[in-house]
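Below is one structure; the comments refer to it alone.
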Amino acid sequence: MSEQHQNIYSSPGRAGNSSEAQTVLLAQKAVSGSSHAFNQLADLYYNKIFRMVYYRIKYKMDAEDLTQEIFAQAFRNLKGLKDVEKFKSWLFSIAINKVKDFKRKKQFVSLFGILSDRNIKDEEEPDEGPDSRSDANPLYNVMRQNFWKQFEEILKRLSYPEKEVFLLRFLDHLGINEISVALDKNESTVKTHLYRALKKLNDDDSVKRLLKESMP
Amino acid sequence: MNDNCHLTEDRIIKAAADKSQLSVAEKEHLSNCPGCSSALDSFENDLKQLGIIAELSVPSPKRRFTAYENRSERNFFRVFGLRTSLAAAITVLFFIITLHSDSMKYLLNTENGSYMDTLHSDDLFGTEINLLVENALPSEYVDIYGEADPDYDDDSMDFIIPSSGSDTISEEGEGGVLS
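Protein sequence lines, in the order shown, are assigned to chains L and X.
One point on numbering: in our numbering, the residue at position 139 of the first sequence is 148, and numbering is uninterrupted.
One point on numbering: in our numbering, the residue at position 157 of the second sequence is 159, and numbering is uninterrupted.
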């Protein structure tokens, strides 16, 4: 585990609070019309949203396009943000809907058998787009592909809401309250989905196996 | 909790989902029991590791997002670009000036027919001018010198006022016709 990540997980409260306070401050400015504040918010959340999209579609180019669209839509609809304290959840709700739309379109296209070569390849395995880390280490690239394949297999055992809640909680690091706002579901429903997802994953030890195989 | 007051696997999973779902007694046990807390820690740690590996397995994005417009300062020029805006502004200005000009006022004021009246009077005035160009003398003078007479023609006029051709004859006439 990298030092940076250890720090993130060892003291989530303090780092989270300062980041949340900064987000609220910037969101207030952005809602009152400051594009500069919105750009700062975009800098703060761009990687998070890109990762969130990538976890779900596993294709870099599409993830980049969707991330741009998500921020563009967020910027256009800033007036619709009633509670600036919920900016993060609001942004994630936009992202969730965009990903849903993207998948729906993709399904629609594949339904008529007009999948392009790239999409067929994409269906089979996660992309191997140029990346500084993968360029530096081919082993990393292989491990990455292997990880996503196995991860996809694990997620197949979960229903859509279980999968979504699990991803938002443990990969996107959203709190229960934030997930409930982002998915527009009440907290007890979110907890139930999360519990079911964790139970399924714990019962077959799939997470443990995946970790064992993915750890360098 | 089971007979030994340890948390069951289900309760551990519940705690991993959200600790607030545990009862006060379960929470208290969890904080005091090394076995239960290590089981929960282990499960939570696996989930954290999964998150970390997933994060590390994502390529870095190449682009950044930049919002160019300040919505409060969004105006005509920013929305349509400077050239288009200038062209539009000039066109609007032209129309405003044209609409306020006299000719356009006449054009728009066709309801009471003043424009048509003006056109008609202009037409009459033009005819009058043309008549004067053709014959600058009042009709009384025309009667005097006989132009009103239907038999009047160029020959008659030449008889009254000899043309320049007659001058030549007169010049010749020093020793000729007139002499």
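Positions of the beta carbon are idealized from the N, C-alpha and C atoms, including for glycine.
Because the structure is a prediction, the values reported are computed rather than measured.
Cα atoms of LYS97 of chain L and PHE45 of chain X: separation of roughly 27 Å, rounded to the nearest angstrom. Of L:LEU203, L:ASP92, L:SER215 and L:THR76, the smallest CA-CA separation from ALA39 of chain L is found for L:ASP92. The Cβ of ASN86 of chain L sits no closer than 7 Å to any Cβ of chain X. For HIS102 of chain X, the three-state secondary structure derived from DSSP is helix. Taking 7 Å as the CB threshold, GLU162 of chain L stays off the interface with chain X.
Here ILE15 of chain X really is in contact with LYS208 of chain L; their C-beta atoms are around 5 Å apart, less than 8 Å. Contact between ASP48 of chain X and LEU220 of chain L holds, with the beta-carbon distance rounding to 6 Å and staying under 8 Å. Inter-residue distance for PRO147 of chain L and TRP99 of chain L is about 38 Å (C-alpha atoms, whole angstroms).
Using a Cβ distance threshold of 7 Å, PRO63 of chain X and GLU78 of chain L do not count as a contacting pair. Neighbours of THR198 of chain L in chain X, taken as residues whose beta carbon is under 7 Å from its own, are absent, since the nearest beta carbon is some 12 Å off. With a contact defined as Cβ atoms closer than 8 Å, ALA89 of chain X and TYR64 of chain L miss out at about 48 Å. The beta-carbon distance between LYS107 of chain L and ASP20 of chain X, rounded to whole angstroms, is 27 Å. This is too long to meet the 8 Å contact definition.
The beta carbons of MET61 of chain L and ASP181 of chain L sit closer together than 7 Å. For ARG65 of chain X, the C-beta contacts it makes with chain L under 7 Å involve GLU73 and GLN77, in order along the chain. Using a CB distance below 8 Å, the part of the region 49-65 of chain L facing chain X consists of ALA51, ASP52, TYR55, ASN56, PHE59, ARG60, TYR63 and TYR64, ordered along the chain. A distance of 7 Å or more separates the beta carbons of LEU75 of chain L and PHE47 of chain L. With respect to chain L, the C-beta atom of SER59 of chain X has a partner C-beta closer than 7 Å. Of all residues in the region 10-28 of chain X, only GLU11, ASP12, ILE14, ILE15, LYS16, ALA18, ALA19, ASP20, SER22 and GLN23 come within less than 9 Å of chain L when Cβ atoms are compared, listed by chain position.
Put simply, the CB of LEU42 of chain X is far from chain L, with every gap to its CB atoms at 7 Å or more.
Runs of the beta strand (DSSP E) spanning 3 or more residues and lying entirely within the region 50-124 of chain L do not occur at all. Against ARG153 of chain L, the close residues of chain X are SER59, in the order they occur along the chain (beta-carbon pairs closer than 7 Å).
A direct Cα-to-Cα measurement between ALA83 of chain L and ALA69 of chain X gives close to 10 Å. In this structure, PHE80 of chain L sits near ALA51 of chain L, with a CB-CB distance shorter than 7 Å. Contact check for VAL190 of chain L against LYS95 of chain L passes: the beta carbons are separated by less than 7 Å.
Listed along chain X are ALA56 and SER59, each with a C-beta nearer than 9 Å to that of TRP157 of chain L. Contact with chain X is absent for SER102 of chain L, since none of that chain's Cβ atoms lies less than 7 Å from the residue's Cβ. In the three-state reduction of the DSSP assignment, ARG65 of chain X falls in the coil class, being assigned neither a helical nor a strand state.
With respect to the 7 Å criterion, LEU203 of chain L and VAL174 of chain L are classified as neighbours on the basis of their beta carbons. Nearest to MET152 of chain L by alpha-carbon distance, out of L:SER43, L:LEU35 and L:MET224, is L:MET224. Here LEU183 of chain L is near LEU177 of chain L, since their CB atoms are less than 7 Å apart.
Residues of chain X whose Cβ lies closer than 9 Å to the Cβ of ILE185 of chain L are, in chain order, ALA19, ASP20 and SER22.
Straight across, the Cα-Cα distance linking HIS45 of chain L with GLN37 of chain L is about 12 Å. Between GLU162 of chain L and TYR55 of chain L, the alpha-carbon positions lie close to 27 Å from each other. Taking 7 Å as the CB threshold, GLY53 of chain X lines the interface with chain L.
Against chain X, a Cβ distance below 7 Å from SER98 of chain L picks out nothing, because the smallest value is about 17 Å.
Between the C-alpha atoms of LYS109 of chain L and ALA30 of chain L there is a straight-line separation of about 30 Å.
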